[in-house]
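Since the structure comes first, as structure tokens, the remarks are kept for the end.
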């Protein structure tokens, strides 16, 4: 759903933020550079860690508050031991943290449209939560890493787990929100360059999941207009204590993509006029369908 009226002087720009556990903190650096350089952000979608950052931004959290959240967040703020056969921990603490820290926690009250992606454990289908309802619950569901966190149950009785199983970079979902140009951020694109094995159980689970996500992610990224790939391959998915490095990597990757982004989102400069941009957009869409 597109909220509000927009002049057709530029395309509607959406941002898709990937899952990536602790590496998702790099998304904060990306958003910081986009905002500082006046790149419009009209809607966002996020999966897992990306849902936390995208949701916070859509809710009106300032960049300074986002950076503070990234630097202070620890695994103990997200989960606690659960006496369940379905997972080692419950991530109810994440939902509580969102209710306490985010300016708003209902989709209807967000300043810009946002969608969170989870997975229906029974059917394997994506579950996209947007437009109305409880955003804190939606983000918690999107972050329910299977095998570690107990699945969360929605009002329809569905058991929901991490959206990274079906749409780790939710490009098509951003388009469904009304975006004509999509900037995708993939914090897993740099691979795993660190030496040695994961140092925790959650690290083993996360690394295993991302190994099997690569083919699906490549298909998702091919549908984006710009892909930002922070160089965080040297940081494990469980290393939340390296927030400063992650934020800096996000900033550097976003700066490197600025020229490409501006070429697309400033049509009067790149295509002569708004009408020129509209013709270019239609031709690009036709080529994508034909290819």
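In full-length UniProt numbering, the protein residues as written are 1 to 291.
By construction, the Cβ of each residue, glycine as well, lies at the ideal position given by its N, Cα and C atoms.
Source: prediction; values computed, not measured.
Around the beta carbon of residue 205, 16 or more other beta carbons sit within 10 angstroms, so the residue counts as buried. By the neighbour-count definition (other C-beta atoms within 10 Å, threshold 16), residue 137 is a buried residue.
In this structure, the beta-carbon distance from residue 169 to residue 182 does not fall below 7 Å. Per DSSP, the continuous beta strand (DSSP E) segment holding residue 47 begins and ends at 43-47.
Residue 166 and residue 20 do not touch by the CB rule: their CB atoms are close to 15 Å apart, not below 8 Å. Taking a contact to require three or more Cβ pairs closer than 8 Å, the stretch 155-164 and the stretch 64-71 do not qualify as touching.
By the Cβ criterion, the stretch 85-94 is not in contact with the stretch 26-34, since fewer than three pairs of Cβ atoms, one from each stretch, lie closer than 8 Å. Cβ-Cβ distances below 7 Å link residue 18 to 47, 50, 168, 169, 185, 186, 187 and 188 in the same chain, with the five nearest sequence neighbours on each side left out; the list follows chain order.
Inside the stretch 81-129, DSSP marks whole beta strand (DSSP E) runs of 3 or more residues at positions 87-90 and 114-120, from first to last along the chain.
Straight-line spacing of the CA atoms in residue 106 and residue 90 works out to 22 Å. CA-CA distance, residue 266 to residue 110, rounds to 26 Å. Counting C-beta atoms within 10 angstroms of its own C-beta, residue 244 has fewer than 16 neighbours from the protein chains shown and is therefore classed as exposed. Contact check for residue 246 and residue 232: beta-carbon distance about 6 Å, within the 8 Å limit, so the pair qualifies. For residue 16, the secondary structure class from DSSP, reduced to helix, strand or coil, is strand.
Under DSSP, the beta-bridge partners assigned to residue 184 are 16 and 227.
A residue is called buried when at least 16 other Cβ atoms come within 10 angstroms of its Cβ; residue 62 does not meet this threshold and is exposed. Residue 265 sits in a helix when the DSSP states are folded into three classes. Annotation: residue 127 to residue 117 spans about 6 Å, alpha carbon to alpha carbon. Nearest neighbour of residue 191 by Cα position, chosen from 236, 148 and 248, turns out to be 236. By the Cβ-count criterion, residue 84 is exposed, with fewer than 16 other Cβ atoms from all chains shown falling within 10 Å of its own Cβ. Our two residues, residue 72 and residue 178, have alpha carbons roughly 33 Å apart in a direct line. For residue 159, the three-state secondary structure derived from DSSP is strand. Just measuring C-alpha positions, the residue of 43, 242 and 256 sitting nearest residue 174 is 43. In this chain, the alpha helix (DSSP H) harbouring residue 64 covers 63-72. Here residue 264 is buried. Its C-beta has 16 or more other C-beta atoms within 10 Å. Closest in C-alpha terms to residue 133, from the list 124, 224, 114 and 121, comes 114.
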